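Undergrad: Sharing a structure below in structure tokens format, with a few things to ask.
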Ligand SMILES: Cc1ncc(COP(=O)(O)O)c(C=O)c1O
Ligand SMILES: [Zn+2]
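Residue numbers (this note's numbering): 2 to 498.
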């Protein structure tokens, strides 16, 4: 049994759950563990109840890896294992649903609502505010959090009005520490590795292949934790901002003369070496954090489910995570229906779209260049997970050309966003579904914006200078170059407005 001590970490009180340590307080019967027992006593007037309640909660729940194809057996989440030893399929994190359902939906909602906006470690994070549903047994002092989650659900009032879709929302997952949704998953993975190291596992470094955002997140979380990170990037195929992020955070950056799929093949082999841990989304720990976006969206709508969620897809881990977030809420009775999901792909990198059009028969492709460089992936690792998710969510797949994604991102920017090209893909796909009546005008639609537009400055400049091949740049906007002369400035301003 774990014993508990409380300690001050800066301004926030947190609970340490040291597996083997016994503190003076617990030995004396006055610490949180004693208070936990105390809580069972209806006449108790213990002042330690909040701590005790947390401690009890952490002890009650558990999770482990299991095969997504349903093979028997489970594995500890601290085991270094990415695929089922029996069939080679990916693993997923399985929670003890029975234990979680002992606390009713209303009690979960109350707990999550109380934690949102709290500054108490680690619950300020949108991911760790749902700790029992993510990774209940993580020791709080192992958590590496950069306050991920809790992002704005932007009511796209003017953009929606321009399309005749008044209930359009954009979930700004890029408004995050490293500027993309990857932070949601990386906090979980790096925290587990920190706990593994604490428990004596000889891990020397965490590595990943990346189209630019995973590497940025891995480097930042590893730097915060003091763990070595190594990232494999396709040379010349990530933006300057994405290249600089892991460099600044001190990661070992390898720029390879290949594409993302080539980097992925090499990093999988590298992760077979002793002491090297793999951070790509085939490691389902990441998806446990990413699934909280579904919970957060529903929470932001006061526990109402939108009709549609549109999400850009590359390696297809994020759509699988989105589905598992909704699944968990559904299983635990917090919601009574599922939304429909649309995965949006760039036309130049559309293996899921092709599979969708071909009765879900999948063939890997060689992905071609696209402005949406983070989803330039031809052989997605999570293809089977994603197809299973889309089948459960009455899902569709739509694609967007370079012109469509660029114009959609720019048009939305005119109404107050600052969209990355992947969000452009999702907005363009959403527009197509709306045009053909698949999305109806009265429906509540959420578009997942996956990265911050500031990582893609070059794309924006080329759009506004009319330099993207095949793109009209319908709403291009360039600066007026003027002399240092009041009359000239006045004339120009009054002419223009
Ligand atoms: C900005 C951005 N959008 C979308 C995606 C696609 O997510 P996934 O690979 O999980 O499908 C990625 C990562 O690959 C990304 O970095
Ligand atoms: Zn299996």
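Quick reminder that beta carbons are idealized off the backbone N, C-alpha and C, glycines included.
No experiment lies behind these values; they were computed from the predicted model shown.
For residue 250, collect the residues of the same chain with a Cβ closer than 6 Å to its Cβ; drop the 5 residues on either side in sequence, then sort them by chain order.
TA: For the purposes of this step, residue 250 is taken as the residue at position 249 of the chain shown. Excluding residues within five positions, the ones whose Cβ falls inside 6 Å are 220, 221 and 224.
Undergrad: Taking its Cβ as the centre, do 16 or more other Cβ atoms sit within 10 Å of residue 484, making it buried, or is it exposed?
TA: Working through the chain shown from its first residue, we reach residue 484 at position 483. That one is exposed.
Undergrad: Would you check if the segment 179-195 and the segment 252-269 touch, i.e. whether three or more CB-CB distances between them fall below 8 Å?
TA: With the cut-off at 8 Å, the segment 252-269 and the segment 179-195 do not touch.
Undergrad: Would you be able to state if there are at least three C-beta pairs under 8 Å between the segment 373-387 and the segment 411-427?
TA: Taking 8 Å as the limit for Cβ pairs, the verdict is that the segment 373-387 does touch the segment 411-427.
Undergrad: Inspect the beta-carbon positions of residue 107 and residue 62 and report whether they are closer than 8 Å.
TA: Within the chain shown, the letter at position 106 stands for residue 107. Within the chain shown, the letter at position 61 stands for residue 62. No. Outside cutoff.
Undergrad: Going by other Cβ atoms of all chains shown within 10 Å of its Cβ, with 16 needed for buried, is residue 248 buried or exposed?
TA: Taking the first residue of the chain shown as position 1, residue 248 is located at position 247. By the neighbour-count rule (16 or more Cβ atoms within 10 Å), residue 248 is not buried but exposed.
Undergrad: When the distance is taken between beta carbons, is residue 78 closer than 8 Å to residue 88?
TA: Within the chain shown, residue 88 is the residue found at index 87, counting from 1. Within the chain shown, residue 78 is the residue found at index 77, counting from 1. No, these two residues do not count as a Cβ contact at 8 Å.
Undergrad: Have a look at 481, 464 and 277 and flag the residue whose alpha-carbon is nearest the alpha-carbon of residue 475.
TA: Walking along the chain shown from the start, residue 475 turns up at place 474. Among 481, 464 and 277, the Cα nearest to that of residue 475 is on 464.
Undergrad: What does a CB cutoff of less than 6 Å around residue 445 pick up in its chain, not counting 5 residues either side in sequence?
TA: For the purposes of this step, residue 445 is taken as residue 444 along the chain shown, with counting starting at 1. Closer than 6 Å at the Cβ level, and outside the excluded window around residue 445, lie 168, 307 and 308.
Undergrad: State the Cα-Cα distance for the pair residue 487 and residue 495, rounded to the nearest angstrom.
TA: Numbered from its first residue, the chain shown carries residue 487 at position 486. Numbered from its first residue, the chain shown carries residue 495 at position 494. Using only the alpha carbons, I get a separation of about 12 Å.
Undergrad: Counting beta carbon pairs with one atom in the segment 293-305 and one in the segment 112-126, are three or more of them shorter than 8 Å?
TA: Judged by Cβ distances under 8 Å, the segment 112-126 makes contact with the segment 293-305, as three or more pairs qualify.
Undergrad: Any residues whose CB sits closer than 5 Å to a heavy atom of ligand 2? List them in chain order?
TA: Qualifying residues, in the order they occur: 68, 70, 72, 85, 87, 88 and 90.
Undergrad: I'd like the list of long-range same chain contacts for residue 327, defined as Cβ closer than 6 Å, with 5 residues on each side in sequence excluded.
TA: Here residue 327 corresponds to residue number 326 of the chain shown, with the count starting at 1. Same-chain partners within the cutoff: 295 and 339.
Undergrad: In its own chain, which residues sit with a C-beta less than 6 Å from the C-beta of residue 409, not counting the 5 before and 5 after it?
TA: Taking the first residue of the chain shown as position 1, residue 409 is located at position 408. 425, 428 and 429.
Undergrad: Contact defined as beta carbons within less than 8 Å: I believe residue 378 pairs with residue 478. What is the distance between those atoms, to the nearest angstrom?
TA: Reading the chain shown from its first residue, position 377 is the one you call residue 378. Reading the chain shown from its first residue, position 477 is the one you call residue 478. Wrong, their Cβ atoms sit about 32 Å apart, outside the cutoff.
Undergrad: What does the Cβ neighbour count give for residue 341, buried or exposed, with the cut at 16 atoms within 10 Å?
TA: Position 340 of the chain shown holds residue 341. Buried.
Undergrad: Is residue 375 close to ligand 1? I mean its beta-carbon at under 7 Å from any heavy atom of the ligand.
TA: Stepping through the chain shown from its first residue, residue 375 is reached at position 374. Under cutoff, so the answer is yes.
Undergrad: Excluding the 5 residues preceding and the 5 following residue 151 in the sequence, name in chain order all residues of the same chain whose CB lies nearer than 6 Å to its CB.
TA: Residue mapping note: residue 151 aligns to position 150 of the chain shown, counting from 1. Counting only Cβ-Cβ distances below 6 Å, and skipping sequence neighbours, we find 127.
Undergrad: Residue 252 and residue 232 - do their beta-carbons sit closer together than 8 Å?
TA: In the chain shown, the residue the question calls residue 232 occupies position 231. In the chain shown, the residue the question calls residue 252 occupies position 251. The answer is yes: Cβ separation under 8 Å.
Undergrad: Applying the criterion that 16 or more other CB atoms from any shown protein chain within 10 Å of the CB defines a buried residue, is residue 336 buried or exposed?
TA: Here residue 336 refers to the residue found at position 335 when the chain shown is read from its first residue. Flag for residue 336 reads buried.
Undergrad: By a C-beta neighbour count over all protein chains shown, 10 Å radius and 16 as the cutoff for buried, is residue 214 buried or exposed?
TA: What you label residue 214 is simply residue 213 of the chain shown in a count that begins at 1. That one is buried.
Undergrad: For residue 359, count neighbouring C-beta atoms within 10 Å of its own C-beta (all shown protein chains included) and say buried if the count is 16 or more, exposed if not.
TA: Taking the chain shown and counting its residues from 1, the one referred to as residue 359 is at position 358. The residue is exposed, with fewer than 16 neighbouring Cβ atoms inside 10 Å.
Undergrad: Under 8 Å, do residue 353 and residue 367 count as touching if we go by C-beta distance?
TA: Start at 1 with the first residue of the chain shown, and residue 353 comes out as number 352. Start at 1 with the first residue of the chain shown, and residue 367 comes out as number 366. No, the pair does not count as a contact, with Cβ atoms beyond the cut-off.
Undergrad: I need the DSSP call for residue 236, collapsed to helix, strand or coil.
TA: Against the chain shown, residue 236 aligns to sequence position 235. Residue 236: coil per DSSP, three-state reduction.
Undergrad: Any heavy atom of ligand 1 closer than 7 Å to the beta-carbon of residue 282?
TA: Within the chain shown, the letter at position 281 stands for residue 282. Answer for residue 282: yes, Cβ within range of ligand 1.
Undergrad: Taking buried to mean at least 16 other C-beta atoms within 10 Å of its own C-beta, is residue 482 buried or exposed?
TA: Taking the first residue of the chain shown as 1, we reach residue 482 at position 481. Classification of residue 482: exposed, given that the 10 Å Cβ count is below 16.
Undergrad: Check whether the Cβ of residue 421 lies closer than 7 Å to any heavy atom of ligand 1, and answer yes or no.
TA: As a first step, residue 421 is located in the chain shown; it is residue number 420 there, counting from the start. Yes, the Cβ of residue 421 comes within 7 Å of a heavy atom of ligand 1.
Undergrad: Assuming residue 352 is part of the beta strand (DSSP E), what are its boundary residues?
TA: As a first step, residue 352 must be located in the chain shown, where it is residue number 351. Taken as a continuous stretch (DSSP letters only), residue 352 belongs to no beta strand (DSSP E), being part of the alpha helix (DSSP H) at 352-358.
Undergrad: What do you get for residue 199, buried or exposed, if any count of 16 or more other CB atoms within 10 angstroms of its CB means buried?
TA: The sequence position of residue 199 within the chain shown is 198, counting from 1. It counts as exposed.
Undergrad: So is the beta-carbon of residue 212 under 7 Å away from any non-hydrogen atom of ligand 1?
TA: Along the chain shown, one-based indexing puts residue 212 at 211. Answer for residue 212: yes, Cβ within range of ligand 1.
Undergrad: Run through the DSSP bridge pairs and tell me what residue 347 is partnered with.
TA: Position 346 of the chain shown, counting from 1, holds the residue named residue 347. Partner(s): 401.
Undergrad: Taking 8 Å as the cut-off, decide whether the C-beta atoms of residue 454 and residue 404 are in contact.
TA: Locating residue 454 in the chain shown gives position 453, where the first residue counts as 1. Locating residue 404 in the chain shown gives position 403, where the first residue counts as 1. No; because the gap between Cβ atoms is not below 8 Å, this pair is not in contact.
Undergrad: For residue 287, which of helix, strand or coil comes out of DSSP?
TA: In the chain shown, counting from the first residue as 1, residue 287 sits at position 286. Helix, per DSSP.
Undergrad: Residue ranges of each alpha helix (DSSP H) run of no fewer than 4 residues wholly in the segment 75-139, ordered along the chain?
TA: Complete alpha helix (DSSP H) runs here, min 4: 98-102, 106-116 and 132-135.
Undergrad: When DSSP labels each residue in this structure, what does residue 389 get in the three-state scheme?
TA: Counted from its first residue, the chain shown places residue 389 at position 388. Correct three-state label for residue 389: helix.
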